[in-house]
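Chemist: Here the sequence shown stands for residues -24 to -1, 1 to 351, numbered as in mature numbering (1 follows the signal peptide of the UniProt record, and there is no 0).
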Amino acid sequence: MKLLKLSLLSTLISLCFIANYSVAQDAEDGIDVSGTLRANYSYKEYSDSAKDKSGDLTFEMASIKFNGKLDDWGLSSEYRFYDGWEALRYGYVFYDYSPQWQVQFGINQVPFGNPGFISNSFWFGVPYYLGFEDDYDAGIKAVYNNSGWGTEFAFYKNAEYGASRSDRYSTDLYSGEVNGTEYYNEETNQLNLRQTYAMEYEGGKAVMGASVEVGQIYNSNTGNNGDRYAVALHLDASYQGWALQLQAMQYEYNAADALDENKIAVAAYAWQYEIASKAQAYSVNVAKTFTTSWGSVKVYNDFGVVTPDVDNEAYDNSYQNVTGVALSSGPTYTMIDYIMGKNMYASTLDNGHVGLPEIGDSWDQRININFGYYF
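1) Considering only residues of the same chain and omitting the five flanking positions on each side of Ser122, which have a CB-CB separation below 8 angstroms?
2) At a cut of 8 angstroms, does the region 274 to 284 reach the region 301 to 309 through at least three beta carbon pairs?
3) Under 8 angstroms, do Glu36 and Arg342 count as touching if we go by C-beta distance?
4) Confirm the yes/no value for this check: CB of Phe88, any heavy atom of the ligand SAM, distance under 7 angstroms.
5) Can you tell me which of Gly92, Gln78, Gly126, Arg170 puts its alpha carbon nearest to the alpha carbon of Glu189?
6) Does DSSP classify Asp72 as helix, strand or coil?
7) Who does Lys264 pair with in a DSSP beta bridge?
8) Please list the terminal residues of the continuous beta strand (DSSP E) segment that includes Leu167.
9) Looking only at C-alpha atoms, which of Glu237, Thr157, Ala241, Gly124 sits nearest to Val183?
10) If you drop the 5 nearest sequence neighbours on each side, which residues of the same chain put their C-beta closer than 8 angstroms to that of Asp48?
11) Cα-Cα, which of Ala114, Asp313, Glu176 is closest to Thr164?
12) By a C-beta neighbour count over all protein chains shown, 10 Å radius and 16 as the cutoff for buried, is Gly199 buried or exposed?
13) Would you mind working out which of Phe131, Ser253, Asp278 sits nearest Ile312, comparing C-alpha positions?
14) For Ser294, which three-state DSSP category applies?
15) Which one of Trp99, Gly317, Ala118 has the shortest CA to CA distance from Gln78?
16) So which of Asp233, Glu158, Gly156 has the shortest CA-CA distance to residue 388?
17) Which one or two residues does DSSP pair with Ile312 in a beta bridge?
18) Cutting at 6 angstroms between CB atoms, please list the residues of its own chain near Ala263, excluding the five before and the five after it.
19) CA-CA distance, Gly217 and Ser269?
20) Taking 6 angstroms as the limit between beta carbons, can you name the residues of its chain near Tyr160, skipping five residues before and five after?
21) Please classify Trp339: is it buried, with 16 or more other beta-carbons within 10 angstroms of its beta-carbon, or exposed?
22) On the criterion of 16 or more Cβ atoms from any shown chain inside 10 Å, does Ser25 qualify as buried, or is it exposed?
23) Would Ala257 and Val282 qualify as a contact pair, given that the criterion is a beta-carbon distance under 8 angstroms?
24) If I measure Cβ to Cβ from Phe347 and keep anything under 7 angstroms in the same chain, skipping five residues before and after, which residues do I get?
25) Is it the case that the Cβ atoms of Ile83 and Leu64 are separated by a distance below 8 angstroms?
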């Protein structure tokens, strides 16, 4: 099976190069095929094995993408192959009803928070680990743009994969056992609305907006439904190479028949963990881009904090700060990140959660370098 997957991956990568060349020769096809190859170096200051080996260099991801239009109908999709698992990131068809309106059907990006990303780094911002950055679900979305105003509203029947699956790109509710607690939660019947206004000025642009998300949480063990909501205010501004991202949000997962109402389980990137069931999350990101003769350099600092708002006073804040530089040259894009975390999943020793009681009391550090080739 492993050999079959490697053979399939090799074939898909070859097809990407062939199809990409073919599209360049015949633009009338309307569908562009492209892809990505990435490797990753990681060094954890808090890991003895990482120190002994001076870090680890591994294959991180390969992807294949299809994008394009035939008349008013179009297709957009990306499938990713990671080390040991694979998943669809997104895949939908769209219809351009008019120059201002587009309708998307399938697994598309949930319109919540800052459009695109609320981060500059490979490591994402804290909203990603809560399920609110670059999230994709299965449903229908309408997109409107006119004279700077942008409106997106969507209905999602459920997440892109079943709730018991952790090998997924997006962070979604998880059904299964985590740290001795059994969860039976599934996302269903979700509504989203995001309103933005883009203001252009000499030397830059500012996109400000607000987002709302409401939905149900189905308990597959009891058959009862809980509810959930999230709200956010966000700003993405640029001026003469400088960029500023600000976001403040609040969320609450109110699961039916929960064994512990203060926490809930989520999953992403082939792992599952717990987060505070109610919290606020704040993001402050600053970046500066420099143009060079060979490409561009972006220097950035992304800071995020999650403040739990549950009945258990032992729950602690989670912090993440990423200082980094992104190097772009031709088809290559490299991100070099210095990550500091406190009581934060994926950034801290022995704290595989977000917003729960802290184990220890320290800021941990790690270095991550991601090398990408895009074709």
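Ideal Cβ placement from N, Cα and C applies to all residues, glycine included.
Modeler: Well, looking at it:
1) It should be pointed out that residue 122 corresponds to Asn in this sequence rather than to Ser. Closer than 8 angstroms at Cβ, skipping near neighbours: Gln76.
2) yes
3) no
4) No copy of the ligand SAM occurs in the structure displayed, which carries no ligand at all.
5) Arg170
6) strand
7) Per DSSP, Trp218, Val275.
8) 157 to 177
9) Gly124
10) Tyr71, Asp72, Tyr73
11) Ala114
12) exposed
13) Asp278
14) strand
15) Ala118
16) Residue 388 lies beyond the range of the chain shown here (-24 to 351); nothing can be said about it.
17) In the DSSP output, where bridge partners are listed per residue, Ile312 has Val301, Ile345.
18) Asn96, Ala219, Lys274, Tyr276
19) 16 angstroms
20) So the qualifying residues of the chain are Ser151, Asn195, Ser196, Asn197.
21) exposed
22) exposed
23) yes
24) Once the five neighbours on either side are set aside, the close Cβ partners of Phe347 are Arg14, Ala15, Thr310.
25) yes
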